[in-house]
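So in our numbering, the last one in the sequence shown is 269, and the numbering has no gaps at all.
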Amino acid sequence: VHLTATEVLKNVIVINIQWLIDALGKVIRDGKVHTFDENEFDNVGLKQDLEILYEEAIASRDFLEYVWKDDHKEIDFFIELMKRTMLLSEYKWIASSGEKYYIIPSLLSRRYEDDVKTLTE
């Protein structure tokens, strides 16, 4: 895979597609099936970030950097790829000390799952 829409995307050629799927799967996942170790996130100060991800479908840049720490050189690539493929969008409605946040639309369905069940019953 080689995308050329932006400078960040131009700089990476993906030969091992499974590597890319695994990286994106660290963020886009069913939290009921593929859980994170909450103690681990608590130990690194990201427990609240984990909760916000699963409750509001919003990921902090710190959270993304942590889950992609093994591929830390490619974090901007992952974010840019997810933006370009509409898997992620910048979220600017959280006032913070300059930290970036992103909304992950595919995780929104869980937030409204009970509402949908109520409507269909």
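Cβ coordinates follow ideal geometry from the N, Cα and C atoms, glycine included.
Separation of residue j from residue i, as counted between CA atoms
{"i": "Asp178", "j": "Glu155", "result": "31 Å"}
{"i": "Ser254", "j": "Tyr239", "result": "15 Å"}
{"i": "Asp210", "j": "His220", "result": "12 Å"}
{"i": "Glu188", "j": "Leu256", "result": "24 Å"}
{"i": "Leu201", "j": "Ile176", "result": "10 Å"}
{"i": "Ile165", "j": "Phe226", "result": "13 Å"}
{"i": "Gly173", "j": "Trp216", "result": "10 Å"}
First through last residue of the alpha helix (DSSP H) which encompasses residue i
{"i": "Glu238", "result": "First-last for Glu238: Ser237 to Tyr239, but that is the beta strand (DSSP E), not the alpha helix (DSSP H)."}
{"i": "Lys231", "result": "Ile223 to Arg232"}
Element boundaries [beta strand (DSSP E), containing residue i]
{"i": "Ala207", "result": "Ile206 to Ser208"}
{"i": "Ile251", "result": "Tyr249 to Ile251"}
Reduced DSSP category for residue i - H, G, I as helix; E, B as strand; rest coil
{"i": "Asp161", "result": "This sequence places Ile at residue 161; Asp is not what is there. Strand."}
{"i": "Phe184", "result": "coil"}
{"i": "Asp170", "result": "helix"}
{"i": "Val156", "result": "helix"}
{"i": "Val192", "result": "coil"}
{"i": "Val215", "result": "helix"}
{"i": "Asp197", "result": "helix"}
Distance between beta carbons of residue j and residue i, contact taken as under 8 Å
{"i": "Ser237", "j": "Ile251", "result": "5 Å"}
{"i": "Leu157", "j": "Arg232", "result": "7 Å"}
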